[in-house]
């Protein structure tokens, strides 16, 4: 169904200013921009309105939490700094630590 003229439309409602006497194509306030249906001012939509949609005050809390992921580990009387990674599928050693442990005999 096509609507070619103003009279054939079922609802006459201007999307720019909200007036029911005309449609947005014939709006005299078109140069002012959209009318906010929240505060009634021109130039913005209700979804962008600071007065109709006040932003809630948000409190933030900065917590400095540094979990210790490094520990001193002793392997055969050799103290080594280690990094704990519970999700790792492999255990890595520096070559120097490996040589100290003398594992390749």
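Residue numbers (the UniProt record's numbering): 1 to 105.
C-beta: ideal position from N, C-alpha, C; glycine also.
| query | result |
| --- | --- |
| Burial state of residue 36 (16 or more Cβ within 10 Å) | buried |
| Cα-Cα separation, residue 24 to residue 50 | 24 Å |
| Separation of residue 56 from residue 85, as counted between CA atoms | 40 Å |
| N-terminal and C-terminal residue of the alpha helix (DSSP H) that residue 95 is part of | 95-101 |
| Residue 88 and residue 71 closer than 8 Å at C-beta | no |
| Selected residue, minimal CA-CA separation from residue 39, among 18, 93, 30 | 18 |
| Bridge partners - residue 85, DSSP secondary structure assignment | Paired residues: none, contrary to the question. |
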